[in-house]
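Enquirer: Oh and the sequence shown: position 41 is 310 in our numbering, straight run, nothing missing.
No residue lacks a Cβ here, since even glycine has one placed at the ideal position from N, Cα and C.
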Amino acid sequence: MTNGTSAQQRGKIARCGLGDHVDAVVVSEEEGVAKPDPRLLEIALERLGAADADRRQVWMVGDAGHADVAAGRAAGTRTAWVSHGRSWDGPDRPDVVAPTTRAALALATSPPALVLD
270 MTNGTSAQQR GKIARCGLGD HVDAVVVSEE EGVAKPDPRL LEIALERLGA
320 ADADRRQVWM VGDAGHADVA AGRAAGTRTA WVSHGRSWDG PDRPDVVAPT
370 TRAALALATS PPALVLD
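This is the structure we're talking about:
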């Protein structure tokens, strides 16, 4: 799920070889709606056959707080922000903040910490 023009975003996906590793691609220009509008996330979930998924089990991961984190929050999902070394300066801190996508995904998929009293 990405904001931008179809040619630009699909070109990036092709150059990086990501197309074979994802189940769906949703580009804002093609859908007529862009993040932070949560409808883009809803379209992505529909394409994945997960429209009825428990949103507490869905993660929105991205590096644009104003778009990615806001869209995830608006859709009721968990959020992970890829900081690239920046500090979070907005309201509603994401559930996970990590310097890289790989680190964000690792944190998002790790079991929650058990707290014992």
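Please confirm whether Glu-298 and Thr-274 have their CB atoms less than 8 Å apart.
Expert: Position 29 of the sequence shown, counting from 1, holds the residue named residue 298. Position 5 of the sequence shown, counting from 1, holds the residue named residue 274. Against a cut-off of 8 Å, the Cβ pair of Thr-274 and Glu-298 comes out as a contact.
Enquirer: Threshold first: 4 residues or longer. Then list the alpha helix (DSSP H) segments lying entirely within the stretch 271-350, N to C.
Expert: Counting only runs of 4 or more, we get 275-285, 297-300, 308-316, 339-344.
Enquirer: Assuming contact is defined by CB atoms lying nearer than 8 Å, are Leu-310 and Gly-331 in contact in what I supplied?
Expert: Numbered from 1 along the sequence shown, position 41 holds the residue referred to as residue 310. Numbered from 1 along the sequence shown, position 62 holds the residue referred to as residue 331. Contact: no.
Enquirer: Specify, as a first and last residue, the run of the alpha helix (DSSP H) that Arg-362 falls within.
Expert: Numbered from its first residue, the sequence shown carries residue 362 at position 93. That residue, Arg-362, is in no alpha helix (DSSP H); it is neither H nor E in DSSP.
Enquirer: According to DSSP, is Arg-355 part of a helix, a strand, or is it coil?
Expert: Start at 1 with the first residue of the sequence shown, and residue 355 comes out as number 86. Taken through DSSP and simplified to helix, strand or coil, Arg-355 comes out as coil.
Enquirer: Given that a residue counts as buried once 16 or more other Cβ atoms are within 10 Å of its Cβ, and exposed if not, what is Ala-373?
Expert: Taking the sequence shown and counting its residues from 1, one reaches residue 373 at position 104. Classification of Ala-373: buried, given that the 10 Å Cβ count is 16 or more.
Enquirer: Can you tell me whether Trp-357 is buried or exposed, with buried defined as 16 or more other CB within 10 angstroms of its CB?
Expert: Here residue 357 is taken as the residue at index 88 of the sequence shown, counted from 1. When all chains shown are included, Trp-357 counts as exposed.
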